[in-house]
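Residue numbers (the numbering used here), protein chains in the order written: chain A, 4 to 442; chain B, 7 to 512; chain C, 50 to 539.
Backbone N, C-alpha and C fix where the C-beta goes; we use that ideal spot for every residue, glycine too.
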Amino acid sequence: MQNRTEDRTEQRLDRLRGRAPRRRHDARTIAALTRNPGCARRAVLDAAGVDKELLARQIGFAAPFGQSPFAIVRGNVFEARVTADECAALLTLLAECLDTDAEAGADEATSSDVIYLDLGASGAGPDAEGPARRLERTEAVLRSEAAARAGAGSRAETRAEPRRTVLLAHPLLRLAVGGQDVYLEPDLLVIRPDGRAHVVEIKSFAVVDGQADGEKVAAAAVQAAVYVLALRRMLGTPAAVSHDVVLVCPKDFSNVPLATRVDVRRQLLALDHQLARLTTVQTLLDALPPEVTFDLAPAADGAPTRPAGELTDALDQLPARYAPDCLSVCELAFRCRQEAAGRTAALGASVREELGGIDTVAEVLDLAGGARTPTESQAEAAAHLMITARMYAEGLSAGQALAPPLAPLPAPAQLQASLSASHPVPASASASVSGGEHG
Amino acid sequence: MTAISSYARALAVATGTAAPTATVRHAHLSARPFVLVPLTLAGEANAPLAAMVGTAWDEATLLVVAQPRNRDLRFAFADQLAQIMLPHVLGFAAATEELTSGPRSLDAPQLIVPNPAGVEFVRLFARSTRFRSTEGEYAVAPNVPVLGRWLTFFAERAEIPGSSLMLAVTDLLGLHWATGQSALEDANLAALLGWIDPPPGLRGAAAARLAEDPRHCPPAGPTTDPGFDTEQLAPAIAAYDTAVAAAAADPAAGSAGVARAVTRLENLLRTQLQPTWDLVWRALDLLDGLPPGASVPARWETDRARYTGFHTYMVEEGLPQARRDGAVTAARRLNRIEQAQAAYDADRAFDDPLVMAQHRVTGEAFSGTVVAVERDRRIPNGRGKGRLVTRPLLTVRTEDPIRLTVGAKVVASSRRRQECVIEAIDIPPEGGGLLITLEARSGMGRSAVPAPGTVAEVGESLCYSAVLADGVRSAPMPDTADTPWTHGGPPEPYEPTEKDTAEAWE
Amino acid sequence: MSAVGEIAGLAGSAGSAGSAGLSPAAQAEAVTLAILDDLRAGRHRGVIVDSPPGAGKSTLVVRTAAVLAASGAPLMIVAQTNEQVDDLVERLSARLADELPAARIGRLGRTGYLPSARLAGLSNVVTASDVDSLGEPEVTISTAAKWAYVREGTWPWAIVDEAYQMRSDTLLAIAARFERALFVGDPGQLDPFSTVTGDRWHGLVWNPMQSAVAVLQRNNPDLPVHRLPVSWRLPRTAQDVVADAFYPFTGFRTGTGFGERGLVVPGPAESPVDDVLDVAATTGWGLLELPARHTMRTDAEAVAAVAQLTRRILERGTLATSGGERTRITPGRIAVGAAHRDQVVAIRAALGGLAATEGDADHPAAGSGSGAGAFGASGAGPGSAGWDGQVVVDTANRLQGREYEITVVLHPLSGRRDATAFHLEAGRLCVLASRHRQACLVVARAGIRELLDAHPTSDPVHLGEPVRFPDGWAANQAMLAHLATSRVQL
Ligand code: SF4
């Protein structure tokens, strides 16, 4: 029964995607699940593995995301520098950053007890045999290290076992996301003498005097949390993987690496919750008409040929939950913003709240001007809006009487007129809103 | 977002043009602002790529770093900027007035950048230059660390609410107009101006969309458009590198090639800077069209005093500002910022009925008409000895939805020196709003009878606000040398060391 | 351990091991003795005591003050509000009158300070607005704000009460006045706040925007931290949910067991509102769920439901049972809590004369979080025909530290479309969900679960800044899951 439901879901998702290869999740897209988890449109497209970027371009709303070649070069240069000579530059940094006070000084011979294991670069991408092998080896190393420490731990005081640090470069992890296996490639793992593994994330944004861009750190933290979660699920022992990850960034204005410990417990909570919710996608699919598909109908050269109109119609079947934040996280943002024109949600959550939670701007202004009788559930909002409109109009006219502008305000005559009228906005203005909305 | 600004956004959506959220200008605008439009190289830590600077729209100077990864070129840029900027900044110091608290300059320099990211650029650029040594292995031009310290001063003042020494244009515009888009989208200067002052024939939304397209309108920086980086900047920088390499091999023939490569870069970067430069000046013109708020000159006086203070410091000591605040500095600064914020919030509302409108919506302010006055009321002063004090009672009728209670302290915008306390709130028997009874506590002169005109008369319209600046107290802090154990104890006294200047660059 | 706790690798909840065999009173006493021991030994300049809701924090402060006063070393006590100061003065006055009749308490007030009526008759209390006029009392008490203006003198000992509500910069201003100090507070309540954003100080161990305890611990990581183990206020029904949601690392236990507290609600239930009261009578929790709808903050229906629920508690003659004793619930023993001021105003209006007016909440006639409740003696008088007192209606901020028999809470997320950091703050919900001795009744619109599910995570992360736990989003999930078991739909 359970399986049949899953099959049905998979088939429907395959049909939604059409002929294109499935866009697999990676750490970045999994991390993005936490950014607008309420959006059904995105949830379905991601579950189906639709290439949202291509889709957006095909419907004429290409996403504004691009990376400068300079940023890419800098990132590569920095990572190469950090990982050169079996991460020699990192060792002391990691020890300083992860050693608790109690541990500090306990192991003197830091560098001599370091094992560096490179599980092989991904090169051109995981081939048929590659990922399975790397995954296996990653798991084997982690398990044997954990077992060795567990043994050592029971005879802790004898110090018979070497207290060593293992650096694991290019490991491969697996995480089930909505029933699909996703392969993940963290930069580096370090297994400390106490047996705990820490995820190491190398980023090229600068940490100046101990501070970095909070958005960038947040993105790195949630990405690292994806790795922690994957590791914990692979090993089945959460305690073996620390929730403290290590962020390695350039220090100040130099290229010298600096390691900082970041606690990702909050990110883990959010990720875990959102991954568990992915199963609800079937409910969303059930609501879709059977013919809906986002097949881009690629030509021989891979270029999509599906008419934009058809794709847009298909998108319309999936309810969106647009918020301005989408502009920085989702490839479809320009399209969804267009759809949301005239809605208060497009102005931001706090604006919508201040407007009494009324859905559209036209309604807001009609209620504020008394041009529309509020429904029972709008009564409070309407009262609030009428007061706001009155205060706004009084404030504006009092201000202009007090201190006439030196030059005419660049507000159009329409606004001036509307404010002096008893209703803040004449019906014509409202009409033009609804006109613009569909135009 | 406030109710008023949200409503104004809704109006903007409907009319297609930004709606005013202020009727006066709440910041000082210099007659000769120093405008700085910076660009940085993507991926690097605040590496300057170019800047357009100047004090008049038609007098722009373009500065370019042909290879931003080259440390020497970065500092050459800093030196060039210092040569232009320092004379301007220092030029205001000579003309001062003597106050009891010391000298204060008659005017001060004002630094204008396009957006908050520009402020952040200045902060970091200041940080990367103020510790530099002017001698030894990594010597920089003598101007460079001085510039760094001044820029640090500007960046720190930019954190003080109400200060006009350094302003970001998008912040300024956002203070005075609400657009029909989200605050996030307002961060784009061109889009914001598209709403406030759309080109003829375009509605705000359309103008903003156009402005968001980097091919149509380059971003206001400091980050450049990735498409521009890939298609134009990267080849041009590569050409410069090649030219330099060629010049190294054959100086005679190569120098012309380098010059050509630099010119190409200059032309390229001008295309990215000029539009933003023009937008900044257009925005300043628009803002200039608004009359200044009543409290703007007083706040600018504070800015002038700070400027003079820092100028004196630079002459007398001139050490670079610390990397981070110590415990005592941090606490003092927080208290200063909180006080400035409270004063600025109160001032703006008193200066501008449209700002006050927000407090009226939330019920923290009310406007009404005086319906009764008991002008010569005298009551015991509460400290015994049978002394009486003058405490006139005013009754104000208001229709506003107030949420103040008896005992609340309020001040009228037209009588800011008079503090009143709400004595009673009654519903008039005949209906129609509320009757607020106020006791005037100050601002009536020294004699037993209030001086003429100091108490409102029947029929006068007033707007009282409970949003006052005196809510925030700031405790005296210990000296830095006495930092207590709870906060880590006294820090090492700060002295710039070799380490500061020898900081690695590559 | 909750699922949430497992993900975050948290310690788990109630009933700390180790001393499991002891009675609550013995457990609490053991901790108190350990605290006094640490103080006497003087090994550390500071001792921190974390106290879950109603764990006898004030009792500890008063007892410690008496011990220190008896030792002969002058003591200063720092509280956060004038009401807290007066509470402490009153209780310490009584205690010292018994134990150290010669000892004097100095109550320092601001300039022009007039002692409140409740302190007027206390013979061992002197009041003044400057230290010199106090003479040299054994104990000097004032607010942190006032202490900041005392620029001279050093006290060998200080007790800082409600230290988690005090800001780091305030502590900096007064720290020179004492050599050693005991810091007492509830880590689960609301953090101090500022009107400005303080990005510039992120990552500094002396970040002035953090709490006094946070700055203390980050600069002195070796200071001992004690935890009061027993909540005397909360009923057993609140133990696991409050501990899991808000004290995930430490937990606590309640002083009473199942069945020792509870409500008796006479008469048949006539409506869903009555039903929820009946549910709460046995489970200690009640969720009155209104149909899902996005509303204004001052959702008229929800406000009416809150008022109605409050009225029905009284109209039905609800009795509180505690250790076999039955006491009629009077208005003064009920508090109504909400997140926003405008909600408070609306609820007060809906309750009419039943609600205390603005400012009355400051006078703890209703019985503040007093340890008096600790051993079962409720401050309320015996049930009488008339209603004594009035219902206190206030925001979470202002209900901090207070104690009532029943609380009625308008859920901070009720009717909302989206949650902000303000609405999700764990401390806010914790305050609202931990003021009661008997039962907590929550009124909310359906849909909060969906709201939490759809909540985007986009907060910036600052390097070097400790993560604030519990996470508000997770705490809300945990609380909601528990409330669902005591739900009645309207
Ligand atoms: S941009 Fe559209 S599809 Fe993407 S998350 Fe936002 S609303 Fe959903």
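Answer yes or no: does any C-beta atom of chain C fall closer than 7 Å to that of N258 of chain A?
-> Taking Cβ atoms only, chain C never reaches closer than 7 Å to N258 of chain A, which makes this a no.
Considering only residues of the same chain and omitting the five flanking positions on each side of S261 of chain B, which have a CB-CB separation below 6 Å?
-> A253, listed in sequence order.
At 8 Å on the CB atoms, spell out the chain B contacts of G461 of chain A, in chain order.
-> This structure cannot speak to residue 461 of chain A, because chain A is shown only from 4 to 442.
Can you tell me which of the three DSSP states A354 of chain C falls into?
-> Taken through DSSP and simplified to helix, strand or coil, A354 of chain C comes out as helix.
For Q285 of chain A, decide whether its Cβ has a neighbour in chain C, counting only Cβ atoms nearer than 7 Å.
-> Taking a beta-carbon distance threshold of 7 Å, Q285 of chain A does not count as an interface residue toward chain C.
Limits of the alpha helix (DSSP H) - the one that Y319 of chain B falls within = In this chain, the alpha helix (DSSP H) harbouring Y319 of chain B covers 302 to 322.
R77 of chain A versus chain B: which residues are under 7 Å apart at the beta carbon?
-> What R77 of chain A touches in chain B: G49, E50.
So with Cβ pairs under 7 Å, would you call D391 of chain C a contact of chain A?
-> Answer no: the Cβ-Cβ gap between D391 of chain C and chain A never drops below 7 Å.
Distance CB(L45 of chain B)-CB(G227 of chain B) smaller than 7 Å | Yes.
Check whether the stretch 509 to 528 of chain C touches the stretch 283 to 302 of chain C, taking contact to mean three or more Cβ pairs, one atom from each stretch, closer than 8 Å.
-> Three or more pairs of CB atoms, one per stretch, sit closer than 8 Å, so the stretch 509 to 528 of chain C contacts the stretch 283 to 302 of chain C.
Is any heavy atom of the ligand SF4 found at a distance shorter than 6 Å from the C-beta of N149 of chain B?
-> N149 of chain B: no, Cβ never under 6 Å from the ligand SF4.
By Cβ distance, which residues of its chain are closer than 7 Å to Y230 of chain A, with the 5 residues on each side in sequence left out?
-> Spatial neighbours of Y230 of chain A in its own chain (CB-CB distance under 7 Å, excluding positions within 5 residues in sequence) are listed in chain order as A30, L176, L187, P189, V202.
Contact residues within the stretch 347 to 366 of chain B, judged by C-beta distance below 9 Å to chain E = Here the protein chains are A, B and C, and chain E is not one of them.
What in chain A is Cβ-close to S134 of chain B, meaning under 9 Å?
-> Here the neighbours are V211, D255, F256.
When DSSP builds the beta bridges, which residues end up paired with L175 of chain A?
-> Answer by DSSP bridge pairing: none, since L175 of chain A is not bridged.
Minimum C-alpha distance to L296 of chain B - residue among B:T135, B:H317, B:L440, B:H182 | Out of B:T135, B:H317, B:L440, B:H182, the CA that lies nearest to the CA of L296 of chain B is found in B:H182.
Name the residue from C:A404, C:V110, C:P102, C:H460 whose alpha carbon lies nearest to the alpha carbon of I84 of chain C.
-> Selection C:A404, C:V110, C:P102, C:H460 evaluated against I84 of chain C yields C:V110 as nearest (Cα-Cα).
If we cut at 7 Å on Cβ distances, does P377 of chain A have a partner in chain C?
-> Not one beta carbon of chain C lies nearer than 7 Å to the beta carbon of P377 of chain A.
Mind checking whether A193 of chain C and T176 of chain C have CB atoms under 7 Å apart?
-> No, the pair does not count as a contact, with Cβ atoms beyond the cut-off.
Drop a sphere of 10 angstroms on the beta-carbon of P253 of chain A, count the other beta-carbons inside from all chains shown, and report buried for 16 or more, exposed for fewer.
-> By the neighbour-count rule (16 or more Cβ atoms within 10 Å), P253 of chain A is buried.
So which residues on chain B does W250 of chain C lean against when the C-beta distance must stay under 9 Å?
-> Under the 9 Å cutoff, chain B gives R330, D331, A336, R339, L340.
Give the interface partners of R494 of chain C over in chain B, defined as CB-CB distance under 7 Å, in chain order.
-> Below the 7 Å Cβ cutoff, chain B contributes no neighbours of R494 of chain C, its closest Cβ being approximately 22 Å away.
Contact under 7 Å by Cβ, I442 of chain B with V402 of chain B = Yes, Cβ-Cβ distance for I442 of chain B and V402 of chain B is below 7 Å.
Taking a Cβ distance cut-off of 8 Å, strictly less, list which residues of the stretch 157 to 184 of chain B are near chain C, in chain order.
-> Taking a C-beta cut-off of 8 Å against chain C, the contacting residues of the stretch 157 to 184 of chain B are E165, P167, listed in chain order.
C-alpha gap between E20 of chain C and D406 of chain B, whole angstroms = The structure shown does not extend to residue 20 of chain C, since chain C spans only 50 to 539, so no value can be given for it.
Classify H275 of chain C as helix, strand or coil using the three-state DSSP reduction.
-> Reduced to three states, the DSSP call for H275 of chain C is strand.
What first and last residue would you give for the alpha helix (DSSP H) that runs through F81 of chain A?
-> Start and end: 72 to 101.
So M483 of chain B packs on A263 of chain C, CB below 8 Å; how close in whole Å?
-> Between M483 of chain B and A263 of chain C the beta-carbon gap is near 18 Å, outside 8 Å, which marks them as no contact.
Local Cβ density within 10 Å of F307 of chain C, reported as buried at 16 or more and exposed below that = Flag for F307 of chain C reads exposed.
Is the beta carbon of V211 of chain A sitting closer than 7 Å to the one on D255 of chain A?
-> Taking a C-beta distance under 7 Å as the contact criterion, V211 of chain A and D255 of chain A qualify as a contact pair.
Integer-rounded CB distance, given that A223 of chain A should sit under 8 Å from R250 of chain A | Note that residue 250 of chain A is Leu in the sequence shown, not Arg. The Cβ separation is near 6 Å, so the contact holds.
Beta-carbon gap between P458 of chain B and M450 of chain B smaller than 7 Å | Pairing P458 of chain B with M450 of chain B gives a Cβ-Cβ distance that is not under 7 Å.
Can we say the stretch 162 to 177 of chain B touches the stretch 188 to 201 of chain B, given the rule of at least three CB pairs closer than 8 Å?
-> Taking 8 Å as the limit for Cβ pairs, the verdict is that the stretch 188 to 201 of chain B does touch the stretch 162 to 177 of chain B.
Per-residue burial, S421 of chain A [other beta carbons within 10 Å of its own, 16 or more giving buried] | Note that S421 of chain A has pLDDT 44, beneath the 50 cutoff, so the model's placement of it is unreliable and no number is given.
Taking 6 Å as the cut-off, does the CB of R45 of chain A come closer than this to any heavy atom belonging to the ligand SF4?
-> At a cut-off of 6 Å, the beta-carbon of R45 of chain A counts as near the ligand SF4: some heavy atom of the ligand is closer than that.
May I ask you to check if the CB of L221 of chain C is nearer than 6 Å to at least one heavy atom of the ligand SF4?
-> No, the beta carbon of L221 of chain C sits no closer than 6 Å to any heavy atom of the ligand SF4.
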